[in-house]
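Line by line, the protein sequences give chains A and B. Numbers 1 to 301, taken from the working numbering, label the letters of the first sequence in order. Numbers 302 to 487, taken from the working numbering, label the letters of the second sequence in order.
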Amino acid sequence: MDVLGRYEPLVEDIDAFRAACGRPLPSVVRVNTLRTSVERASAALEEAGLAPEPTDWHPGLLRLSGQPGANWPYAHGWLHGQEEVSAVPARVLDPQPGEVVWDATAAPGSKTTQLAALMGDEGRVVATDNNIGRVAALRSNTERLGVTNTAVTTEDARNHSLKPFAHGAYDRALVDAPCSCEGTVRKNPDALAEWTFEHVEGVAAVQKGVLRRAVQATREGGTVVYSTCTFAPEENEAVVDHVLGEEDCRPVEVDLPLSHTNGVTGWQDETYDERLTRAARIYPHHNDTGGFFCVKLEVTG
Amino acid sequence: MSDGDGAGGGNSSEGHTAENVPDRFDRLPATANERVVAGRPSRAAVLEWFEERFGVGPAVFEGYSLWERGAGKIWVLAAAAEPEPDAVDVEALGMTVLRTRQEHWKPTMAGVQRFGGHATRNVLELDRQQARRFLAGEEQELGWDGDWGYLIVAHEIAGEPEPLGVGLYTYGTLRSQVPKGRRREL
Chain A
1 MDVLGRYEPL VEDIDAFRAA CGRPLPSVVR VNTLRTSVER ASAALEEAGL
51 APEPTDWHPG LLRLSGQPGA NWPYAHGWLH GQEEVSAVPA RVLDPQPGEV
101 VWDATAAPGS KTTQLAALMG DEGRVVATDN NIGRVAALRS NTERLGVTNT
151 AVTTEDARNH SLKPFAHGAY DRALVDAPCS CEGTVRKNPD ALAEWTFEHV
201 EGVAAVQKGV LRRAVQATRE GGTVVYSTCT FAPEENEAVV DHVLGEEDCR
251 PVEVDLPLSH TNGVTGWQDE TYDERLTRAA RIYPHHNDTG GFFCVKLEVT
301 G
Chain B
302 MSDGDGAGGG NSSEGHTAEN VPDRFDRLPA TANERVVAGR PSRAAVLEWF
352 EERFGVGPAV FEGYSLWERG AGKIWVLAAA AEPEPDAVDV EALGMTVLRT
402 RQEHWKPTMA GVQRFGGHAT RNVLELDRQQ ARRFLAGEEQ ELGWDGDWGY
452 LIVAHEIAGE PEPLGVGLYT YGTLRSQVPK GRRREL
């Protein structure tokens with residue numbers, strides 16, 4: 001099945017979209033600012049011959065001329081290999097030092113450790129995943145990067161319990177949901193080979209449950225960000241549309257310094273809440289990245 | 302109250318068993334007098350050890366609480382506005398800094414990279430070639446006039462020395478303690 005062809009009605013320049021999906025991704029690292037400065041990490045990467053090039057929208061997110069995992073700054077815990085577009089949701093969530101933040105679907109921890117860094121390692125991040133193997137990867141990343149403000153729980157995020165902790169509701173929550181991963185095709189061509197509509201439907205049901213729990217667990221006036229690395233409206237706007245009907249929250253405008261298009265308000269026979277135009281769709285040809293969807297919600301009850 | 306000040310006395314409150322529960326995080330008692338679980342180090346003992354062994358003063362750990370999970374594995378957690386309960390049943394709580402189950406306490410690689418920059422003694426600085434062998438997990442012969450035992454191993458990167466990991470020095474030999482998953486051939 002031509003999965004990318006499904007999105008012809010949504011994507012303005014379908015040829016550029018298809019061409020970008022066929023190219024490999026640039027190698028990108030995020031500097032772990034808990035451990036060093038962007039300047040010093042850049043100097044160390046220069047020493048290693050990796051020619052770091054800053055991205056123009058996120059300090060410390062550097063494109064490299066080679067692989068990110070075998071060099072001195074990496075060995076020191078100064079770097080984390082992270083696809084450029086995967087740095088978007090934590091920036092949109094904008095957590096502040098001292099806040100209490102839930103990363104609902106956290107493994108392998110790229111966003112968890114980015115959240116901790118944005119918070120200056122102050123306050124609390126609770127990072128949850130239901131897969132014990134992936135939790136091990138999350139654990140090794142928080143350890144390697146020297147993150148001290150994060151607690152890890154292994155549980156189904158839909159039933160997340162605050163019981164182990166002193167805090168009540170969260171100030172902010174991130175749901176970077178498990179998805180059909182169509183937008184990672186540049187990294188993993190099998191993403192499309194294994195695609196089935198049944199999987200999309202099944203994963204959308206999980207996404208709805210996790211996002212609902214995130215809204216419930218966040219205080220009134222708090223922020224929830226929902227994101228995926230897929231194009232399918234069934235896993236994006238449709239999920240948020242469902243949760244807007246079930247929980248007290250509203251989409252708010254996102255100030256996103258990357259090229260993108262707005263969320264859609266209709267797909268095939270479905271129509272969605274008009275405010276979903278406040279969501280962002282990032283296609284691979286926009287910024288030479290993977291594909292991404294992101295929406296910011298304010299909790300109103 | 303800062304979480305790091307440690308409501309250690311709370312360890313004697315109800316609901317605590319007198320044995321180490323391997324899968325649970327228990328806050329270290331503030332001092333040995335408040336100890337309930339036999340063999341569990343106190344916060345005071347851990348801070349004293351870091352100061353004696355490496356010159357890392359107790360002020361470095363202000364704002365952090367210390368926890369045990371698994372026999373002798375010590376974790377460090379940043380303070381939050383509301384201090385966590387004295388026992389927390391989760392997968393991880395902050396990061397590991399120290400292992401205390403053997404006669405000689407051993408800092409972790411992550412702990413040394415995170416806090417070792419404050420050290421003023423028992424830091425062995427390697428040149429680039431020696432650092433390569435160390436990161437690959439090899440042992441090497443080299444001279445060292447300081448204490449034997451677990452040392453902070455550092456080397457220069459981007460113009461300044463930086464702690465890299467933990468080495469065990471005895472009889473003219475430095476044994477790399479870099480965990481298998483973090484070894485690299487650079």
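Positions of the beta carbon are idealized from the N, C-alpha and C atoms, including for glycine. The structure presented is a predicted model; accordingly, all values stated were derived computationally and were not measured.
Check                                                                                                                                                                                : Outcome
What are the residues that DSSP puts in a beta bridge with residue 458 of chain B?                                                                                                   : B:461
Less than 7 angstroms between the C-beta atoms of residue 62 of chain A and residue 54 of chain A, yes or no?                                                                        : yes
Taking a contact to mean a Cβ-Cβ separation below 7 angstroms, would you say residue 109 of chain A touches residue 130 of chain A in this structure?                                : no
Would you check if there are 3 or more beta carbon pairs closer than 8 angstroms linking the stretch 28 to 35 of chain A to the stretch 99 to 118 of chain A?                        : yes
Take residue 426 of chain B as the anchor and find which of B:415, B:345, B:445, B:383 has the nearest alpha-carbon.                                                                 : B:445
Secondary structure at residue 310 of chain B, three-state DSSP: helix, strand or coil?                                                                                              : For residue 310 of chain B, the predicted model reports a pLDDT of 37, less than 50, meaning its position is unreliable and no value from the coordinates is stated.
Could you tell me if residue 453 of chain B is buried or exposed, where buried requires 16 or more neighbouring beta carbons within 10 angstroms of its beta carbon?                 : buried
Please list, in chain order, the residues of the stretch 63 to 76 of chain A that have any C-beta partner in chain B closer than 9 angstroms.                                        : 69, 70, 71, 72, 73, 74, 75, 76
Residue 153 of chain A lies in the alpha helix (DSSP H); which residues open and close that run?                                                                                     : Run containing residue 153 of chain A: none in the alpha helix (DSSP H); it sits in the beta strand (DSSP E), 150 to 154.
Could you give the distance in angstroms between the alpha-carbon of residue 328 of chain B and the alpha-carbon of residue 369 of chain B?                                          : 6 angstroms
May I have the straight-line CA-CA distance separating residue 466 of chain B from residue 295 of chain A, to the nearest angstrom?                                                  : 41 angstroms
When every heavy atom of the ligand ADP is checked, does at least one fall within less than 6 angstroms of the C-beta of residue 91 of chain A?                                      : Absence of the ligand ADP is noted for the structure shown, with no ligands found whatsoever.
I'd like the ranges of any alpha helix (DSSP H) spanning at least 4 consecutive residues and lying wholly in the stretch 9 to 56 of chain A.                                         : 14 to 21, 38 to 47
Is there contact here, the stretch 274 to 282 of chain A with the stretch 258 to 266 of chain A, by at least three beta-carbon pairs under 8 angstroms?                              : yes
Closer than 7 angstroms by beta-carbon distance: list the chain B residues that pair up with residue 140 of chain A, in chain order.                                                 : 482
From this set, B:396, B:342, B:410, B:382, which residue's C-alpha is nearest residue 436 of chain B's C-alpha?                                                                      : B:410
From the DSSP output, in three-state form, read off residue 302 of chain B for me.                                                                                                   : Note that residue 302 of chain B scores 35 on pLDDT, short of 50, meaning its location in the model is unreliable and no value can be drawn from it.
Leaving out five residues on either side along the sequence, give the residues of the same chain with a beta carbon under 6 angstroms from the beta carbon of residue 50 of chain A. : 64, 65, 66
Taking a Cβ distance cut-off of 7 angstroms, strictly less, list which residues of the stretch 368 to 402 of chain B are near chain A, in chain order.                               : 377, 378, 379, 381, 382, 383, 384, 385, 386, 389, 390, 391, 392, 393, 394, 395, 396, 397
For residue 431 of chain B and chain A, any beta-carbon pair shorter than 7 angstroms?                                                                                               : no
Along chain B, which residues have their Cβ under 8 angstroms away from the Cβ of residue 100 of chain A?                                                                            : 381, 382
Can you pull out the residues from the stretch 156 to 188 of chain A whose beta carbon lies closer than 7 angstroms to at least one beta carbon of chain B?                          : 164, 165, 166, 167
Taking the alpha carbon of residue 406 of chain B as the reference point, which residue from B:359, B:354, B:462, B:378 has its own alpha carbon closest?                            : B:354
Do we get a CB-CB distance below 7 angstroms when we pair residue 463 of chain B with the residues of chain A?                                                                       : yes
Would you tell me roughly how many angstroms separate the C-alpha atoms of residue 246 of chain A and residue 297 of chain A, rounded to the nearest one?                            : 13 angstroms
For the stretch 80 to 155 of chain A, list the alpha helix (DSSP H) runs that are entirely contained and at least 4 residues long, ordered along the chain.                          : 88 to 93, 110 to 118, 132 to 144
If we count the other Cβ atoms within 10 Å of its Cβ and call it buried at 16 or more, is residue 86 of chain A buried or exposed?                                                   : buried
Any idea which residues DSSP pairs residue 251 of chain A with across the strands?                                                                                                   : A:297
Can you find a C-beta in chain B that's less than 7 angstroms from the C-beta of residue 51 of chain A?                                                                              : no
Straight-line CA distance for residue 420 of chain B to residue 350 of chain B?                                                                                                      : 12 angstroms
Less than 8 angstroms between the CB atoms is what I'm expecting for residue 373 of chain B and residue 400 of chain B, so what's the real figure, rounded?                          : 6 angstroms
What is the C-beta distance between residue 473 of chain B and residue 442 of chain B, in whole angstroms, given that I count them as a contact (C-beta under 8 angstroms)?          : 6 angstroms
Give me the chain B residues within the contact set of residue 143 of chain A, using Cβ-Cβ distance strictly less than 7 angstroms, ordered along the chain.                         : 396, 397, 411
Hey, is the stretch 34 to 51 of chain A in contact with the stretch 3 to 15 of chain A, meaning 3+ C-beta pairs nearer than 8 angstroms?                                             : no
From what residue to what residue does the beta strand (DSSP E) around residue 436 of chain B run?                                                                                   : Note, residue 436 of chain B: premise wrong, no beta strand (DSSP E); alpha helix (DSSP H) at 429 to 436.
According to the Cβ coordinates, are residue 168 of chain A and residue 292 of chain A closer than 7 angstroms?                                                                      : no
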